[in-house]
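My numbering numbers the first residue of the sequence shown as 2 and each following residue consecutively.
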Amino acid sequence: MNIRWYGHSAFELTSEQLNILVDPFITGNPSCPVSIDQLSPDVICVTHGHADHFGDTVELAKNNGSLVITNYEISQYLQSVNVKSIGINCGASVKIGDVGIRMLSAQHSSSFDFLPNNRYAGSAGSFLFTFNDGTNVFHAGDTGLFGDLRDVVGNIYHPDVAILPIGNIFTMDPVEAAIATKWINPKIVIPMHYNSFDSIRQDPEYFKKLVEKHSPTTRTMILDVLNSEKIVL
Ligand code: NI
Ligand code: MN
């Protein structure tokens with residue numbers, strides 16, 4: 002399994018059988034080094050309806066015949082525009098190929114902010130991916146600090162890798178994300194949702210220092226999208 006960051010909250014997880022894109026905000030993402038014609042996801046996972054997460058879901062799914070896993074309301078919308086989608090809700094899981102995909106909660110809002118009337122898009126979520134070798138990867142979506150990160154994500158699922166937002170304004174800031182890291186206690190934590198826009202400027206090294214101090218067994222990996230860095234687990 003490997004992990005690649007495309008900037009903001011867009012990540013690619015690759016198993017033996019599947020290429021999975023999470024929150025594929027590619028077009029208009031100032032920190033994304035690729036265009037949608039360079040991507041060929043089998044599965045797309047969307048945490049919530051905001052444009053910086055829903056992104057290019059429709060175009061990518063139509064171009065590649067991808068299956069979209071998301072919440073019920075976003076799934077209903079996708080089916081109305083002829084995209085293959087399975088709608089689930091927080092706590093539920095599906096197995097696609099060799100990957101288990103579970104939707105968990107996030108403390109955030111969700112709407113189609115790019116459609117008229119800011120249309121309702123269900124509850125914001127997060128995803129836990131479980132691979133055949135037992136490795137778990139948690140993608141938190143957009144969230145503030147809340148108890149499920151400790152009680153559910155940390156205590157029940159204890160992921161090997163946690164991908165957490167640190168940008169502030171719309172999500173946790175570095176201090177809250179460091180507390181979440183302590184609760185989750187992953188082997189690796191990856192910061193996301195920062196520096197793609199001026200409103201979410203953060204120093205990931207500050208986050209790394211906080212994690213080193215409070216979670217000494219967790220390694221912070223600050224990914225570099227321009228060098229197309231891949232984490233191989
Ligand atoms: Ni959002
Ligand atoms: Mn966002």
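Note that beta-carbon positions come from the ideal geometry of N, C-alpha and C, so glycine has one too. Here the structure is a predicted model, which means the values were calculated and not measured.
DSSP bridge partner residues for residue i (one or two, in chain order)
i: Glu-13; result: Arg-5, Leu-22
i: Val-84; result: Paired residues: none, contrary to the question.
i: Leu-105; result: Ser-127
i: Ser-111; result: BP columns for Ser-111 are empty, so no partner.
i: Ile-232; result: Ile-4
i: Ile-157; result: Beta-bridge pairing links Ile-157 to no other residue.
i: Ile-89; result: Asn-72
i: Ile-97; result: Val-100
Local Cβ density within 10 Å of residue i, reported as buried at 16 or more and exposed below that
i: Glu-177; result: buried
i: Asn-30; result: buried
i: Phe-12; result: buried
i: Gln-203; result: buried
i: His-51; result: buried
i: Asn-3; result: exposed
i: Asn-72; result: buried
i: Phe-115; result: exposed
i: Pro-25; result: buried
i: Thr-15; result: buried
i: Gly-200; result: A small correction: the amino acid at residue 200 is Ser; Gly does not occupy that position in the sequence shown. Looking at its Cβ environment, which holds fewer than 16 other Cβ atoms inside 10 Å, Ser-200 is exposed.
i: Ile-170; result: exposed
i: Gly-148; result: exposed
i: Thr-48; result: buried
i: Tyr-121; result: exposed
i: Thr-182; result: buried
i: Thr-28; result: exposed
i: Gly-135; result: exposed
i: Pro-217; result: exposed
i: Pro-187; result: buried
i: Glu-235; result: The requested residue 235 does not occur in the structure, where the chain is confined to residues 2 to 234.
i: Glu-74; result: buried
i: Gly-168; result: buried
i: Gly-126; result: buried
i: Gly-88; result: buried
Neighbourhood of the ligand NI [Cβ distance below 7 Å to any heavy atom], ordered by chain position: His-49, His-51, Asp-53, His-54, His-109, Ser-110, Ala-125, Asp-143, Phe-171
The stretch 39-47 / the stretch 57-69 touching (three or more Cβ pairs under 8 Å): yes
Any beta strand (DSSP E) of 3 or more consecutive residues that is wholly inside the stretch 164-230: 189-193
The stretch 106-114 touching the stretch 142-151, judged by at least three CB pairs closer than 8 Å: yes
At least 3 beta-carbon pairs within less than 8 Å: the stretch 187-197 vs the stretch 146-164: yes
The stretch 70-82 / the stretch 145-161 touching (three or more Cβ pairs under 8 Å): no
Inter-stretch contact at 8 Å, needing at least 3 Cβ pairs: the stretch 49-56 / the stretch 220-227: no
Completely contained beta strand (DSSP E) runs for the stretch 121-155, where each covers 3 or more residues: 126-132, 137-140
Cβ contact check for the stretch 168-176 and the stretch 200-220: 3 or more pairs under 8 Å: yes
Contained beta strand (DSSP E) runs [length at least 3] in the stretch 30-78, N- to C-terminal order: 44-46, 68-72
Three or more C-beta pairs below 8 Å linking the stretch 6-25 and the stretch 33-40: yes
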